Amino acid sequence: MEQSNSQKIFTTTPIYYVNAEPHIGHAYTTIVADVFSRFHKLMGHETYFLTGTDEHGDKIVQAAEKAGVDPKTYVDRISGLFREAWPKLNVKNDYFIRTTDPDHIRVVQYILQKVHDAGEIYFSTYKGLYCVGCERFYMERELVDGKCPDHDAAPIEREESNYFFRMSKYQDWLIEYIMQNPDFIRPERYRNEVLAFLREPLEDLCISRPKERLSWGVPLPFDDRYVTYVWFDALINYVSALGYPDGELFRKFWPVAQHIVAKDILKPHGIYWPTIIKAAGLEPYQHLNVHGYWKINEGKMSKSRGTVVRPLDLASVYGVDAFRYFLLREMVFGLDSNFSEDALVQRLNADLANDLGNLFSRTLAMTDKYFGGKIPPFGAEPDPVDAELARQAEEAAQRVAEEVPEFGFHKALMAIWEMLNHANKYVDQVGPWSLAKDPASFPRLQTVIRTLLEVNKMAAVLVAPFMPETSEKMLARLGIQKDATQLRMADDGKWGSLAEGTEVRKGEALFPRIDVNKKEEAAAKPKAAPAKTEKAGAAPPSPAEAPPLEPISFETFKKVDLRAGVVKQAERIPKSKKLLRLIVDIGEERQIVAGIAESHAPEDLIGKQIIVVANLEPAKLMGVESRGMVLAVRDGDGLQLLTTEKPVTPGRRAS
RNA sequence: GGCGGUGUAGCUCAGUUGGUCAGAGCAUGCGGCUCAUAUCCGCAGAGUCCGGGGUUCAAAUCCCUGCACCGCCA
Numbered sequence: 012m013e014q015s016n017s018q019k020i021f022t023t024t025p026i027y028y029v030n031a032e033p034h035i036g037h038a039y040t041t042i043v044a045d046v047f048s049r050f051h052k053l054m055g056h057e058t059y060f061l062t063g064t065d066e067h068g069d070k071i072v073q074a075a076e077k078a079g080v081d082p083k084t085y086v087d088r089i090s091g092l093f094r095e096a097w098p099k100l101n102v103k104n105d106y107f108i109r110t111t112d113p114d115h116i117r118v119v120q121y122i123l124q125k126v127h128d129a130g131e132i133y134f135s136t137y138k139g140l141y142c143v144g145c146e147r148f149y150m151e152r153e154l155v156d157g158k159c160p161d162h163d164a165a166p167i168e169r170e171e172s173n174y175f176f177r178m179s180k181y182q183d184w185l186i187e188y189i190m191q192n193p194d195f196i197r198p199e200r201y202r203n204e205v206l207a208f209l210r211e212p213l214e215d216l217c218i219s220r221p222k223e224r225l226s227w228g229v230p231l232p233f234d235d236r237y238v239t240y241v242w243f244d245a246l247i248n249y250v251s252a253l254g255y256p257d258g259e260l261f262r263k264f265w266p267v268a269q270h271i272v273a274k275d276i277l278k279p280h281g282i283y284w285p286t287i288i289k290a291a292g293l294e295p296y297q298h299l300n301v302h303g304y305w306k307i308n309e310g311k312m313s314k315s316r317g318t319v320v321r322p323l324d325l326a327s328v329y330g331v332d333a334f335r336y337f338l339l340r341e342m343v344f345g346l347d348s349n350f351s352e353d354a355l356v357q358r359l360n361a362d363l364a365n366d367l368g369n370l371f372s373r374t375l376a377m378t379d380k381y382f383g384g385k386i387p388p389f390g391a392e393p394d395p396v397d398a399e400l401a402r403q404a405e406e407a408a409q410r411v412a413e414e415v416p417e418f419g420f421h422k423a424l425m426a427i428w429e430m431l432n433h434a435n436k437y438v439d440q441v442g443p444w445s446l447a448k449d450p451a452s453f454p455r456l457q458t459v460i461r462t463l464l465e466v467n468k469m470a471a472v473l474v475a476p477f478m479p480e481t482s483e484k485m486l487a488r489l490g491i492q493k494d495a496t497q498l499r500m501a502d503d504g505k506w507g508s509l510a511e512g513t514e515v516r517k518g519e520a521l522f523p524r525i526d527v528n529k530k531e532e533a534a535a536k537p538k539a540a541p542a543k544t545e546k547a548g549a550a551p552p553s554p555a556e557a558p559p560l561e562p563i564s565f566e567t568f569k570k571v572d573l574r575a576g577v578v579k580q581a582e583r584i585p586k587s588k589k590l591l592r593l594i595v596d597i598g599e600e601r602q603i604v605a606g607i608a609e610s611h612a613p614e615d616l617i618g619k620q621i622i623v624v625a626n627l628e629p630a631k632l633m634g635v636e637s638r639g640m641v642l643a644v645r646d647g648d649g650l651q652l653l654t655t656e657k658p659v660t661p662g663r664r665a666s
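Here it is, written out as C-alpha cells:
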C-alpha cells in the first residue's frame, strides 16, 4: 500500500497495420488498454499509454498501389483514421507512434546494429518458389494446382539471401522464463499455447527483404541493400516510443510494460518479441495480455439507410459509454464473444438505464424533493442497514481494485452492479417516502438520502475508467467538477466525502431507455418485420387515451394478414392466470395463445367468431407456441373480442 | 493429418486449486412499492452441467473415448 503511489504502468496496444480501416477488434483492444490505464491513474499510479500504427511492408505497398497513391500518402491517410478514431471513443493515449517516424526508425537501426554486433544476426541464402507477379515467395501449400493463386502462373524457383536473427538460440531461455513467471503471458490458455509452440524447435527469424523486392521499410544499418522485415521493425515500437536507449520515459516505464493484444498476434508477441528483447540486452516486458475475438452477428445488426451498421457506428448511435460498457462487460477477457446490436441494447436498457440511471435519478429526485436539492448531512447515527450499504460500496471498490489489474473487467463491473442492486434494494427497504411523512424521522431521512448520494458518488468514481463521460456527468450533478482523469480513488472514492449543502442537479436521464419496438420501426425499411417482442394475444396496455401512432402507408397496412376465424378448442394454460390456448380455424387450424383468461372462460369461446392476425411471428408463451394473435379491445377492466357482424367463412381476410 | 479450444437453464454466458457448484443476467409468470427513465423490490421455474467409460469417499471441475462446432499449424 505504501508503495502503490509510486507504481508505474506502461500500457500498450499493438500498433495497428494500416492496410485496413479501424474495426471493432481494434476498438476493443484500445478501449481495454484505455480502461486499464485510466484505472491505474485513478489508483494514483503513474501511467503511460501507447498506441499507434505499423506502416511498413509489402501489403502496404500493394494497398497503396490499389488506391493509386504512393505509400507515404496512403499510410498518412489510414494512420490518420486510427488516430482520429480513438478520441471519438474517449480513448486517451499519451502517445501515438508511427513506424515511419524518424525517431522510431533510428531506434530500430540502433537495435539492429546492436544485435548484429553481438553476433546474433547472420546472412544466409536459401531457395524457394517465387512468383514474379506478386514479388514474393510462396510455400508449397499456398499454391493452387502448383500455381500462384493471384496470377495463375507457376512460380519460379529462386535463390535469395537474407539476414536472420538467431531466435532459436533463445528457445530454452524463453521456455525457462515462461515457466518461472507464470503470469508472463496471460490468461493461462495463451501461455500454454506459447509453450506448445515452443515444444517444437524454434527456427531463426528472417528479418530482412532485399530492396529490389521491397523498398518500403527501414534500411538495415549494416547493409543498405536490405530493409527490415515487419516484425523486427514493428515490435520495437514499444521501446522506441519511450525514447530507448536513454530517454527518461524509458527509464521510468521499462520494463513495467503491459502489452495488450488479440490472439492472432500471440506468436510475435509471445515468442519473437521476448527473444528480440533478450538479444538486445533488455529486461522482458511485465505481462502479455491476450484477448479473444468478437464474432459479429450480422443478422442481428439493424439496417439503416440500406447499409449495414458497422459496430463502430453503434458507438455514435447509442453513446460511447454504452459501447465501452458493453465491450468490457460482455467479453470475458481472453475468450471470444458475440457482438450484436440486440445484446448491446439489452445491456444498455437493463444495466445502464434501469439499474444505474434509475438509481441516480431516484436519488437526486428525492434529494430535490426532501432537501431542496441540497446534500444533507448524516443527520442520525447510521442504522445497521445504512452501515451495511456503506460496507458493500467499499467492498465493491475493493473488488474493482483486485479485478482490473488482472484484466477481470467483467467481474469488476459485476461488483459495481452488485453495489447498485444493493442500493436499489436499500431504497425499497427503507422507503424514504414514508420517512418523509413523519417530521420526527427527519434526521433519519437525512442519513438515508446522504447514504444514497454517497453510493452514487462511489458508483461515479468506480465507473470512471469504463465510462468517463458518465462519471463526469454524475459527479458534476453531485457538485464535483472534475475531469475523469483527475479523480483519485484515495480522495474521491472515500465514503462520506460529499460536501454538505452542495446543490445537486436533477437533470435528464443518464441513459434513456431504448424502446426496442420503436427502434425497429425507425430502422425498418419499407418491408417492416413485425415487432418480435410483441406479445401475441396479450391485451394492449389500455391507457384511457391511447397516444396516436405515426401514420403508416396503405402498403404497410396490407402487410398485416387479418383473418376471420372460429374458435374450435380452448383451454387454460396451466399456471397462467391470463393465458388460454386456442385452436382457431382460419381456413387452417392454428394454435394461438391469447391473454384473455381473466375475462373469458374457455368453454364460452368455442364456436365464437373472432379476428386474428395470421402472419404474426410465432412466439412461445409459457412454453406454448402461438402462431397468431387474437384481437380485442380493453376498456376498463373488461376485454371485448373483435368479431364480425354476422358469421363469415373462416379464413376470409379483413380489408 | 497434427495441436489447441469450446459444448452448463428458452437466450447470452459465469463457474479459482474436485467436496453448499448446479449459478448469474436477460426473457417469462406471479406478487409488492410508488421516490424514480413503464423504472425498483420479492418470489417462481427443475437444466441427464454434449454422449459413454474411468479415477475418487466425492467430478460440470481430473483421465480416456465418441460426437458437434471453432481456431491455429501442417
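According to our numbering, the first sequence is numbered sequentially starting from 12. Note that beta-carbon positions come from the ideal geometry of N, C-alpha and C, so glycine has one too. As the structure is a prediction and not an experimental result, all values here were calculated from the model.
- Rounded to the nearest whole angstrom, the C-alpha separation of Thr-374 and Val-241 is 55 Å.
- Looking at the backbone, the Cα of Leu-92 and that of Pro-33 are separated by about 7 Å.
- A contact is defined here as three or more CB-CB pairs under 8 Å, and the region 489 to 496 meets this definition with respect to the region 457 to 476.
- Only exposed fits Glu-399, as fewer than 16 other CB atoms lie within 10 angstroms of its CB.
- If you ignore the 5 residues before and after Arg-236, its C-beta comes within less than 6 Å of the C-beta of Lys-222, all in its own chain and listed in chain order.
- Per the C-alpha coordinates, the member of Gly-36, Ile-35, Thr-41 positioned closest to Thr-24 is Thr-41.
- Within the region 38 to 78, the complete beta strand (DSSP E) segments of 3 residues or longer fall at 57 to 65, listed in chain order.
- Residue environment: Asn-192 is assigned as exposed (fewer than 16 neighbouring CB atoms within 10 Å of its CB, all protein chains considered).
- Cβ contact annotation for Gly-507 (same chain, cutoff 7 Å, sequence separation greater than five): Glu-465, in chain order.
- Where Ile-307 is concerned, the enclosing beta strand (DSSP E) starts and stops at 305 to 307.
- The count of Cβ pairs closer than 8 Å, one atom from the region 325 to 336 and one from the region 292 to 308, stays below three, leaving the stretches out of contact.
- Straight-line measurement puts the Cα of Ile-167 at about 28 Å from the Cα of Val-229.
- Nearest neighbour of Phe-50 by Cα position, chosen from Leu-216, Gln-18, Phe-522, turns out to be Gln-18.
- Per DSSP, Asn-30 lies in no beta strand (DSSP E) and is assigned neither H nor E.
- As a beta-bridge residue in DSSP terms, Asp-234 pairs with Leu-231.
- The Cβ atoms of Gly-639 and Gly-598 do not sit closer than 8 Å to each other.
- In summary, Lys-52 is buried, with 16 or more beta-carbon neighbours lying within 10 Å of its beta-carbon over all protein chains present.
- Taking a cut-off of 8 Å for Cβ pairs, the region 167 to 177 and the region 130 to 139 touch, as three or more such pairs fall below it.
- Here the C-alpha atom of Ala-470 lies approximately 33 Å from the C-alpha atom of Leu-260.
- Taking the CA atoms as reference points, Val-29 sits about 9 Å from Lys-70.
- In this structure, DSSP gives Ser-17 a helical state, which the three-state scheme calls helix.
- Restricting attention to Ile-20, Arg-88, Gln-73, the CA atom closest to the CA of Val-46 is found in Ile-20.
- In the DSSP annotation of this structure, the continuous segment of the alpha helix (DSSP H) that includes Phe-208 starts and ends at 199 to 208.
- The Cβ atoms of Asp-112 and Tyr-59 do not sit closer than 8 Å to each other.
- DSSP links Arg-410 through a beta bridge to no other residue.
- When DSSP states are grouped into helix, strand and coil, Gln-580 belongs to the strand group.
- Its Cα nearest to that of Ala-290, the residue Asp-128 stands out among Leu-325, Asp-128, Glu-352.
- Closest option to Gly-384, judged by alpha-carbon separation, among Gln-457, Leu-431, Val-343: Gln-457.
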